[in-house]
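See below for the structure under consideration.
Residue numbers (the working numbering): 3 to 162.
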C-alpha cells in the first residue's frame with residue numbers, strides 16, 4: 003500500500019521548476035548545506051521516456067518518477083482531472099518520505115492549495131498547509147548527507 007498526498011491542480015507546472023523548488027524545500031526541511039540534485043523520468047505504457055521540459059497538467063498520461071541523483075529513493079507523481087497525487091510506494095525510507103513531502107510542499111506552495119493526507123500519515127487530520135507540514139518536518143542542525151538528515155525524521159512521522 004502506498005502513502006499518497008493529494009493536491010488540487012489549479013494550473014500546469016513545469017517539471018524543471020518543480021524539481022528546483024522541491025530541492026530548496028529539502029534544504030530548508032532537512033538543514034542541508036547544499037541543494038540535492040533531483041531527476042525525473044516519465045513512464046507511459048510501461049516504458050521509460052526521457053522527460054524533456056514538460057509540464058505537469060490535468061490528465062497527463064503516464065507517471066513521473068522523481069528521485070535523488072545517486073540515491074535509490076523515488077516517488078511517483080500522477081496528474082488526474084484537476085488533481086495531482088504524490089505517491090510513496092514500498093519499501094519506504096525516511097529519505098523517500100522527505101522527498102515525497104518536499105514535492106507535495108513545493109506543489110502546494112506553487113498551486114496555493116492545501117495538501118490532503120487522507121491516511122493522516124504526516125500529521126493527524128487529513129488536510130494541512132505547505133507551511134505547517136514543512137514546520138512539522140524541519141530537523142535541527144546542518145547536514146551534508148541527506149540520508150543522515152532524513153533519519154532525524156524518525157518519530158515525527160507515522161513510520162511503519
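Heads up, the beta-carbon is just placed ideally off N, CA and C, and yes, glycines get one too.
Pair within 8 Å by beta-carbon distance, residue i and residue j
{"i": "residue 78", "j": "residue 67", "result": "yes"}
{"i": "residue 11", "j": "residue 84", "result": "yes"}
{"i": "residue 100", "j": "residue 9", "result": "no"}
{"i": "residue 96", "j": "residue 155", "result": "yes"}
{"i": "residue 81", "j": "residue 60", "result": "yes"}
{"i": "residue 121", "j": "residue 139", "result": "no"}
Residue nearest to residue i in terms of C-alpha spacing, selected from the options
{"i": "residue 131", "options": "103, 57, 90 and 38", "result": "103"}
{"i": "residue 40", "options": "26, 46, 48 and 47", "result": "26"}
{"i": "residue 117", "options": "100, 135 and 69", "result": "135"}
{"i": "residue 112", "options": "133, 98 and 82", "result": "133"}
{"i": "residue 19", "options": "47, 58, 35 and 36", "result": "58"}
{"i": "residue 6", "options": "115, 88 and 71", "result": "88"}
{"i": "residue 142", "options": "149, 51 and 34", "result": "34"}
{"i": "residue 73", "options": "157, 159 and 150", "result": "150"}
{"i": "residue 69", "options": "91, 86 and 56", "result": "91"}
{"i": "residue 167", "options": "43, 71, 76 and 75", "result": "Only positions 3 to 162 of the chain appear in this structure, which leaves residue 167 out of reach."}
{"i": "residue 86", "options": "71, 119 and 75", "result": "119"}
{"i": "residue 148", "options": "38, 122 and 128", "result": "38"}
{"i": "residue 107", "options": "129, 93 and 94", "result": "129"}
{"i": "residue 144", "options": "4, 36, 51 and 15", "result": "36"}
{"i": "residue 123", "options": "146, 114 and 94", "result": "94"}
{"i": "residue 98", "options": "51, 50 and 71", "result": "71"}
{"i": "residue 15", "options": "146, 114 and 137", "result": "114"}
Integer Cβ distance of residue i from residue j, believed to fall under 8 Å
{"i": "residue 32", "j": "residue 152", "result": "6 Å"}
Residue i - partner residues in DSSP beta bridges
{"i": "residue 58", "result": "15"}
{"i": "residue 70", "result": "40"}
{"i": "residue 81", "result": "86"}
{"i": "residue 156", "result": "159"}
Span of the beta strand (DSSP E), counted from its first residue to its last, around residue i
{"i": "residue 105", "result": "No beta strand (DSSP E) holds residue 105; the alpha helix (DSSP H) holding it covers 96-113."}
{"i": "residue 9", "result": "5-10"}
{"i": "residue 35", "result": "Residue 35 -> no beta strand (DSSP E), and no H or E assigned at all."}
{"i": "residue 49", "result": "49-51"}
Residue interval of the alpha helix (DSSP H) (run including residue i)
{"i": "residue 153", "result": "148-153"}
{"i": "residue 139", "result": "132-139"}
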